[in-house]
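Line by line, the protein sequences are chains A and B.
One gets this note's numbering by counting positions in the first sequence from 1 and adding 300 to each.
One gets this note's numbering by counting positions in the second sequence from 1 and adding 442 to each.
Cβ atoms here follow ideal geometry from the backbone N, Cα and C, with glycine treated the same way.
Written below as structure tokens is the structure these notes are about.
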Amino acid sequence: MFEYAPAPESRSVVDLKPSYGLFINGEFVDPTDGGSFKSINPASEEVLAEVAEAGAQDVDRAVRAAREAYEKVWGPMPGRDRAKYLFRIARIIQERSRELAVLESLDNGKPIKESRDVDVPLVAGYFFYYAGWADKLGHAGFGPDPKPLGVAAQVIPWNFPLLMLAWKIAPALAAGNTVVLKPAETTPLTALLFAEICQQADLPAGVVNILTGAGDTGRALVEHAGVDKVAFTGSTEVGRAIARSVAGSRKKLTLELGGKAANIVFDDAPIDQAVEGIVNGIFFNQGHVCCAGSRLLVQENVADRVLESLKRRMAQLRVGDPLDKNTDIGAINSAAQLERIRELSDAGSAEGAERWSPPCELPERGFWFAPTIFTGVTQAHRIAREEIFGPVLSVLTFRTPAEAVEKANNTPYGLSAGIWTDKGSRILWMADRLRAGVVWANTFNKFDPTSPFGGYKESGYGREGGRHGLEGYLNV
Amino acid sequence: MTATATSARSDLSELGRSETALRTFLHGLPGVDQVGAEQRAAQLGTRSIKTTAKAQAIDLAIRMVDLTTLEGADTPGKVRALAAKALRPDPADPSCPHVGAVCVYPAMVPHVAEVLRGSKVHLASVATAFPSGQAPLEVKLADTRAAVEAGADEIDMVINRGAFLAGRYQEVYEEIVATKAASGDAHLKVILETGELATYDNVRRASWLAMLAGGDFIKTSTGKVPVAATLPVTLVMLEAVRDFRAATGRQVGVKPAGGIKTTKDAIKYLVMVNETVGPDWLDPDWFRFGASSLLNDLLMQRTKLTTGTYSGPDYFTLD
Chain A
301 MFEYAPAPES RSVVDLKPSY GLFINGEFVD PTDGGSFKSI NPASEEVLAE
351 VAEAGAQDVD RAVRAAREAY EKVWGPMPGR DRAKYLFRIA RIIQERSREL
401 AVLESLDNGK PIKESRDVDV PLVAGYFFYY AGWADKLGHA GFGPDPKPLG
451 VAAQVIPWNF PLLMLAWKIA PALAAGNTVV LKPAETTPLT ALLFAEICQQ
501 ADLPAGVVNI LTGAGDTGRA LVEHAGVDKV AFTGSTEVGR AIARSVAGSR
551 KKLTLELGGK AANIVFDDAP IDQAVEGIVN GIFFNQGHVC CAGSRLLVQE
601 NVADRVLESL KRRMAQLRVG DPLDKNTDIG AINSAAQLER IRELSDAGSA
651 EGAERWSPPC ELPERGFWFA PTIFTGVTQA HRIAREEIFG PVLSVLTFRT
701 PAEAVEKANN TPYGLSAGIW TDKGSRILWM ADRLRAGVVW ANTFNKFDPT
751 SPFGGYKESG YGREGGRHGL EGYLNV
Chain B
443 MTATATSARS DLSELGRSET ALRTFLHGLP GVDQVGAEQR AAQLGTRSIK
493 TTAKAQAIDL AIRMVDLTTL EGADTPGKVR ALAAKALRPD PADPSCPHVG
543 AVCVYPAMVP HVAEVLRGSK VHLASVATAF PSGQAPLEVK LADTRAAVEA
593 GADEIDMVIN RGAFLAGRYQ EVYEEIVATK AASGDAHLKV ILETGELATY
643 DNVRRASWLA MLAGGDFIKT STGKVPVAAT LPVTLVMLEA VRDFRAATGR
693 QVGVKPAGGI KTTKDAIKYL VMVNETVGPD WLDPDWFRFG ASSLLNDLLM
743 QRTKLTTGTY SGPDYFTLD
């Protein structure tokens with residue numbers, strides 16, 4: 301046997317303070333009417349830092365600071381000068397990438413190989429990409445001289461704390477808006493490190509404000525009258541509430557919500573690579589991915605073979621310490637999320653689906669869930685309809701391409717889909733019929749700053765990334 | 443490959459009798475997505491193998507080396523020195539294991555045999571008009587017999603790439619069968635020369651063809667064309683031996699050869715073996731490295747791990 305010795309990434313690169321204030325108008329300040337909460341490491345339940353919780357008055361202060369920066373500095377600034385700041389931020393992110401990656405894994409629980417090789421490089425990539433747009437907005441297809449909206453209120457989830465921050469802040473700033481961003485309550489730390497990076501880049505005060513807090517802080521922020529734009533990524537339930545609260549106001553809204561993506565494997569697919577794609581589709585980031593390929597639709601004449609390969613591959617997955625460089629699956633982000641995954645998985649068993657996990661030892665402390673697949677799932681099962689947001693795959697079969705399309709589309713969501721086949725014409729035929737914002741062919745979970753991302757139906761509206769991502773931050 | 447192993451076994455043995463059956467089978471194998479295969483190989487390359495795992499990997503890699511010299515300038519003295527090094531790679535450290543085999547041209551086999559006699563180090567000879575294979579079949583078979591008679595217990599043959607690429611699968615198949623017969627008890631390694639096969643689909647088909655015809659090992663390259671062993675090619679071949687055993691019950695070895703020069707490279711291959719086909723192949727009987735300069739780097743890294751200091755190349759013999 302070839303046992304890999306532990307290969308932990310060093311924590312010493314991260315300099316955590318015992319407590320953090322709110323980042324308003326270029327400096328860290330104590331909350332005026334808020335409290336505080338603790339952010340923990342989900343892999344060990346150890347407290348990492350105490351973080352301020354912004355109250356309504358803090359929200360008001362931050363929105364005012366953003367308004368003033370918008371009117372006096374950032375709005376009037378020529379695009380080429382805004383670009384300089386964004387390029388500078390992107391470079392600092394690259395320079396401090398190791399620190400950002402380690403802190404992201406500590407606070408979120410995701411494996412270091414993902415934060416190091418996926419999250420942080422993409423974060424820098426989005427800043428570089430949108431920096432390039434700042435002085436070329438007249439060529440983006442929204443008229444000769446498109447104007448920014450003003451102050452953007454942005455609320456992001458815990459699954460990709462830094463990446464979602466980049467998706468929100470980079471296009472907003474490139475277009476000339478200022479922002480007030482609220483990171484998720486379980487993963488606030490990298491956003492606060494990003495605030496330090498803004499200071500390091502000499503970004504003018506008030507252009508970026510970071511308010512930590514939970515649901516109440518987020519609600520106060522999106523409902524604040526001084527906000528021109530609301531951007532939210534998170535659950536469909538909260539998205540719906542935000543849409544209601546914003547309705548009838550002048551606020552422009554983009555929502556990126558849940559998903560229940562179909563990953564469709566045809567009998568002529570490259571099986572070994574399809575299995576990699578299935579694994580990447582559902583086990584990447586512990587399945588905490590809104591576009592995760594959580595429903596595997598496999599053609600029935602290759603179902604046994606695909607499942608056999610998939611199980612063999614799953615047995616190779618290494619679950620454990622997120623900071624170990626060889627870890628494939630890290631910790632579930634919170635006790636609440638673990639509870640939800642358990643509840644839906646139990647429902648899967650109770651409704652008659654067959655559950656399977658490879659033998660795997662889970663650490664005693666922290667929040668863990670073994671990679672799991674359910675076979676014999678039907679469209680009527682809860683695990684085929686509800687977003688689990690965990691490392692749990694529901695396997696369904698189909699006979700004809702038409703049936704695959706019908707099953708893939710039979711969901712209130714429509715964020716992403718995957719197609720695995722050697723036949724190019726079938727890829728195009730399927731892509732025309734799938735109601736999903738992103739369709740991957742012979743790959744999955746591929747992200748690129750130049751490519752727009754967003755949903756159909758209850759997966760939200762508006763696009764982030766690419767030229768299209770500018771539209772949500774321009775007055776068009 | 444069909445669902446039940448027993449029916450598959452009887453099916454596969456008949457395939458070589460008909461060009462149509464061979465073609466239908468080989469072209470019915472699942473395709474390989476180039477981007478996906480290369481991505482998987484790159485991912486496996488990011489595994490971090492340290493301390494005890496590294497020490498274990500280095501010793502295993504040394505035992506898997508087919509210490510090779512295949513030059514026009516090879517002399518009896520040079521190959522004897524190489525054989526002596528194969529037996530005791532690090533004369534200063536008796537705990538250092540011996541390599542898997544020595545690999546030379548047929549004319550050099552008798553000289554190596556003298557040195558290796560009585561040891562557990564295998565003696566491999568290239569044959570069949572290595573490296574191009576551009577000779578009449580009788581010549582290739584005579585080449586093979588001569589190597590075995592001179593003492594080789596492993597034969598590294600080359601396939602007829604022209605026939606393979608032209609789609610004359612049965613011709614390739616029959617040459618392998620004939621070479622296997624001419625090899626007698628010697629183990630037959632079949633060199634696919636993947637650098638000339640151009641696509642991973644072809645690599646997978648050639649792997650199956652070689653296994654169906656009775657090859658004991660499939661080997662990537664001669665080392666004599668610009669593209670030799672790569673991680674993705676080896677991944678496709680490992681998947682082939684894994685699927686072949688599942689279908690037939692027979693285990694076939696894999697030998698990447700050419701271009702593997704550092705310990706870091708070798709460890710990436712071992713990680714790939716471990717996570718693709720598992721511990722059954724983590725053994726010199728089932729996985730080999732065709733290499734020459736790799737051994738010295740393994741020895742230097744081994745010394746570094748045991749003594750804590752890094753000794754220079756002058757402390758290890760050149761061949």
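- Contact with chain A is absent for residue 586/B, since none of that chain's Cβ atoms lies less than 7 Å from the residue's Cβ.
- DSSP assignment within the stretch 566-645 of chain B yields the following whole beta strand (DSSP E) runs of 3 residues or more, N-terminal first: 596-600 and 629-633.
- Residue 562/A is a Cβ neighbour of residue 717/A, given a cutoff of 7 Å.
- Between the C-alpha atoms of residue 530/A and residue 713/A there is a straight-line separation of about 21 Å.
- Secondary structure at residue 488/B: coil, using DSSP grouped into helix, strand and coil.
- The beta carbon of residue 381/A sits no closer than 7 Å to any beta carbon of chain B.
- When only Cα atoms are considered, residue 466/B and residue 655/B end up about 16 Å apart.
- When DSSP states are grouped into helix, strand and coil, residue 545/B belongs to the strand group.
- Taking 7 Å as the CB threshold, residue 471/B stays off the interface with chain A.
- Runs of the beta strand (DSSP E) spanning 3 or more residues and lying entirely within the stretch 390-455 of chain A occur at 451-455, in chain order.
- The straight-line gap separating the alpha-carbon atoms of residue 516/B and residue 510/B is approximately 11 Å.
- Interface flag for residue 585/A against chain B is unset, since no Cβ pair is found closer than 7 Å.
- Membership of residue 665/B in any beta strand (DSSP E) is not indicated, and neither H nor E is assigned to it by DSSP.
- With distances taken between CA atoms, residue 593/B lies nearest to 556/B out of 600/B, 608/B and 556/B.
- Here the alpha carbons of residue 690/A and residue 587/A stand approximately 4 Å from one another.
- When rounded, the separation of the alpha-carbon atoms in residue 386/A and residue 705/B is 41 Å.
- Identification of residues in the stretch 504-515 of chain B having a C-beta nearer than 9 Å to some C-beta of chain A yields an empty set.
- The stretch 555-584 of chain A contains, as complete alpha helix (DSSP H) runs of 4+ residues, the segments 571-583 (chain order).
- Residue state for residue 674/A is assigned as strand, using DSSP reduced to three classes.
- The beta carbon of residue 744/A does not come within 7 Å of any beta carbon belonging to chain B, so the residue lies off that interface.
- Per DSSP, residue 532/A is one residue of the beta strand (DSSP E) stretching across 529-533.
- C-alpha of residue 695/A to C-alpha of residue 597/A: approximately 6 Å in a straight line.
- About 6 Å separates the beta carbon of residue 646/B from that of residue 682/B, a gap short enough to meet the 8 Å contact definition.
- Here residue 426/A is buried, its C-beta having at least 16 other C-beta atoms within 10 Å.
- If you look at residue 732/B, you'll find it in the beta strand (DSSP E) that goes 731-733.
- With respect to residue 596/B, residue 553/B sits apart: the two C-beta atoms are not nearer than 7 Å.
- Secondary structure of residue 619/A (DSSP, three-state): strand.
- Excluding residues up to 5 positions away in sequence, 570, 572, 573, 575, 633, 635 and 664 lie with their Cβ nearer than 7 Å to the Cβ of residue 600/B in the same chain.
- In this structure, DSSP gives residue 586/A a helical state, which the three-state scheme calls helix.
- For residue 595/A, DSSP records a beta bridge to 562/A and 694/A.
- Spatial neighbours of residue 451/A in its own chain (CB-CB distance under 8 Å, excluding positions within 5 residues in sequence) are listed in chain order as 363, 366, 367, 370, 477, 478, 479, 480, 526, 527, 528 and 529.
- For residue 469/A, the enclosing alpha helix (DSSP H) begins and ends at 461-475.
- Residue range 705-718 is occupied by the alpha helix (DSSP H) that includes residue 713/B.
- Between residue 403/A and residue 493/A, the C-beta gap is smaller than 7 Å, which places the two residues in contact.
- In this structure, 742/B is the residue among 742/B, 755/B and 760/B with its C-alpha nearest to the C-alpha of residue 535/B.
- Here the alpha carbons of residue 721/B and residue 424/A stand approximately 40 Å from one another.
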